[in-house]
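Below is one structure; the comments refer to it alone.
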């Protein structure tokens, strides 16, 4: 058997373990964790998504918690509480630089704690969100975006945005997608 | 070495929070100054190490070669 | 696979292997040597260093260069295994150049490494130091320089028009590896200038923006000759910052003329520091009369009166900004001015001895 031709490209060899938590088959009976970050319309946006998941996907209900500081990562206590009480978590809304970054970091934290998570950011902060994912060893981490800005939206506009995002939220929470961590 | 497209994206990202970006290249180093407009969103700037990560991709230099200044420095 | 000694290898198989490498995007444009594990082992046997030792990387694109990756690229470039210690020393020497570690490989100026080899390794490996030293025609010179280019391309993942942003690039990038003509140089070798003992096999390296000839077979007056160099060194098109760095690869005739007139290497450097530069009027004419707080030149709104006084602006800050080597044949009085991209580190890297026990394995 002939020798293989060797690959000359340099790659980092140390890869982080897989990032994503195992997905449930469906959301029937699931408790949906909602982690809002105090930004204007975050409670409304996440609440509407929770309501739709209960109404259309037979989720059991929602648990709403508030971050103490939108710019900082979720506390260990809150992470453990969600991991104990909820099947999945939705967090957001990242509509500024620091809160988008911390939302993505939180999403990765939840996944590593075994809780499937959906992160919602406004589309103006993709660069920030991507950079944080990379820094967390989760380059390519998938989060959802909604057009910037979110703060000035009226209640009916929020409901509309939530409706639009719902299929992708479900897809991420029960999808089979896997992201390998890379440094 | 600067990726103008990526840098514009960084500029727009900062502008969404009310911040301005100034980039100057000299002698293999890049000086980046971020300044606040009157309606800048306080606490919305990401920590410097993360900003350096973002700039590294746009500027094409290692973070060691970036001198980053924030409004309150 | 076995083949009879002396029998010609299968050209069709060789061509398929070469095309395989092209198809994977590994080539700098020219054919590559396809590398197998046995060939890699021969390269690794030439160094005592751990194949997994990391010798460079671009963390933000997830790239890391190890000794083994460098060896594969050196083999692909056409190096013989015994050249590998020189490639490693050249890589280490370049890593001492701040410009090469701070994004220089991606720069719009597309700089080329200049690799200068000193010591007995030149004759042992057939590294050309005399006629046609800037190439082509010599396997060691051509492939050692090419190996560095392939390490940058494949190891670091810096490909033209992607991460590499060269506006025009320059002819000779990845092909400038020269032996110093120590035998015909009147001065100490570059590696000795850098503090290594005489007779050490060593590599010095820096990034260049270009190389420009000075052909002066016209005068025997050292001052006239130096003024001819000063004109090329001082051309305004190359001035970007307040200070610049310019190396000289003297042909043996020019070096011997200067040494014969009593000039040491330090004297030549001091002469250039003193005499190279432009008047305020020259700089104004080219839109480079201002210098900002970052020492970058700019078009200042000087008035004619302000620039008419003939004020002379020197451009070489110190002898360290004027590295000097001697190379080429002693058959005509010509030299090369090499335009340094950053600043030579002033450090040369000794070439490691081949580990005997490793080689016997």
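Protein chains in written order, with our numbering: chain E, 760 to 942; chain F, 158 to 230; chain Y, 9 to 369.
For glycine and all other residues, C-beta sits at the position ideal for the given N, C-alpha and C.
Between residue 222(F) and residue 175(F), the gap from beta carbon to beta carbon reaches 8 Å or more. Leaving aside the five residues that flank residue 359(Y) on each side, the residues in its chain whose CB is nearer than 7 Å to its CB run, in chain order, 93, 94, 97, 129, 209, 210 and 211. Between the alpha carbons of residue 264(Y) and residue 202(Y) lies a distance of about 21 Å. Residue state for residue 236(Y) is assigned as helix, using DSSP reduced to three classes.
For residue 306(Y), the secondary structure class from DSSP, reduced to helix, strand or coil, is strand. Here residue 258(Y) is bridged, per DSSP, to 334(Y).
Residues of chain Y whose Cβ lies closer than 7 Å to the Cβ of residue 894(E) do not exist, since the nearest Cβ in that chain is about 10 Å away.
Neighbours of residue 762(E) in chain Y, taken as residues at a C-beta separation under 7 Å, are given in chain order as 44, 45 and 46.
Assigned with DSSP and collapsed to three states, residue 858(E) falls in helix. Neighbours of residue 106(Y) in chain F, taken as residues whose beta carbon is under 7 Å from its own, are 185 in chain order. Cβ-Cβ separation between residue 182(Y) and residue 157(Y): approximately 3 Å, consistent with a contact (criterion under 8 Å). If the five residues before and after residue 338(Y) are omitted, its C-beta is found closer than 7 Å to the C-beta atoms of 192, 260 and 261, all from its own chain and listed in chain order. Cβ neighbours of residue 107(Y) within its own chain (closer than 6 Å, five residues either side excluded): 215, 349 and 350. For residue 173(F), a Cβ of chain E is located within less than 8 Å of the residue's own Cβ.
For the set 854(E), 874(E), 897(E) and 797(E), the Cα lying nearest the Cα of residue 782(E) is the one of 874(E). Contact annotation: residue 118(Y) and residue 174(Y) have beta-carbon atoms nearer than 8 Å. Between residue 42(Y) and residue 849(E), the C-beta spacing is not below 8 Å. Fully contained in the segment 102-127 of chain Y are the following beta strand (DSSP E) runs of length 3 or more, in chain order: 120-126.
Interface annotation, residue 804(E): not in contact with chain F, CB-CB separation never under 8 Å. A check of alpha carbon separations from residue 887(E) across 910(E), 912(E) and 859(E) identifies 859(E) as the nearest. Within the DSSP bridge table, the entry for residue 71(Y) names 66(Y) as partners. Within chain F, no C-beta atom comes less than 9 Å from the C-beta of residue 252(Y); the nearest is roughly 11 Å away. Along the segment 800-847 of chain E, the alpha helix (DSSP H) occurs as fully enclosed runs of 4 or more residues at 801-816 and 835-844, listed in sequence order. The beta carbon of residue 768(E) sits closer than 8 Å to some beta carbon of chain Y. For residue 131(Y), the secondary structure class from DSSP, reduced to helix, strand or coil, is helix. Identification of chain E residues near residue 25(Y) by a Cβ-Cβ cut-off of 7 Å yields 764, ordered along the chain. Short of 6 Å from the beta carbon of residue 177(F), and not among the five residues preceding or following it, lie these beta carbons of its own chain, in chain order: 192. Within chain F, no C-beta atom comes nearer than 8 Å to that of residue 841(E); the closest sits roughly 24 Å away.
In the DSSP assignment, residue 185(Y) is bridged to 123(Y).
Using a C-beta cut-off of 8 Å, the segment 890-900 of chain E makes contact with the segment 863-882 of chain E, since at least three inter-stretch Cβ pairs fall below that distance. Here DSSP, grouped into helix, strand and coil, assigns residue 274(Y) to helix.
Of all residues in the segment 320-352 of chain Y, those with a C-beta nearer than 7 Å to a C-beta of chain F are 350, reading in chain order. A contact between stretches requires three or more CB pairs, one per stretch, nearer than 8 Å, and the segment 909-919 of chain E meets this requirement with the segment 796-806 of chain E. For a Cβ distance threshold of 8 Å, residue set 883 of chain E lies close to residue 169(F), ordered along the chain.
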